[in-house]
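Read in order, the letters of the sequence shown are residues 3 to 103 in my numbering. Heads up, the beta-carbon is just placed ideally off N, CA and C, and yes, glycines get one too. As the structure is a prediction and not an experimental result, all values here were calculated from the model. Since the structure comes first, as structure tokens, the remarks are kept for the end.
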Amino acid sequence: MFTFRKGTYIYAGSAKKNIRQRIERHNRINKKIHWHFDYLRPFGIITRIITYDQSFGECELAENIRKQLNGTIPVKGFGSSDCKCVSHLIFVEDNLIPVNK
């Protein structure tokens, strides 16, 4: 069991194909548990989804986000069971996230 602080969490994932279907699935709350994200989904609100091309992978993306936003790792191994990353889930203090207007 994990305890999550109230705040903003960023998850970096990948979808080699069918990204639209993956995003639609992640938006649903009631579904069969398959991905790490599925365990967390019922407890939060998705406020933004940003997609990137595949010029760099989810590991590099997660680490870049963590560094740029001074994020922390709330759960080791979250979303990164198929790689050597510490985590693909990043916790960021709400006042540190830039908002595009």
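Three-state secondary structure assigned by DSSP to residue i
i	result
Ile21	helix
Ile75	coil
Tyr41	helix
Ile47	coil
Ile52	coil
Arg27	helix
Where residue i falls, given that 16 or more other Cβ within 10 Å makes a residue buried
i	result
Tyr142	Because the chain here runs from 3 to 103, residue 142 falls outside it and cannot be looked at.
Ser83	exposed
Ile21	exposed
Tyr54	exposed
Arg30	exposed
His36	exposed
Phe4	exposed
Ser89	buried
Gly59	exposed
Pairwise C-alpha distance: residue j and residue i
i	j	result
Asp96	Arg7	11 Å
Cys85	Ile25	21 Å
The beta strand (DSSP E) enclosing residue i, as first and last residue numbers
i	result
Ile67	No beta strand (DSSP E) holds Ile67; the alpha helix (DSSP H) holding it covers 60 to 70.
Phe93	91 to 94
Thr10	10 to 13
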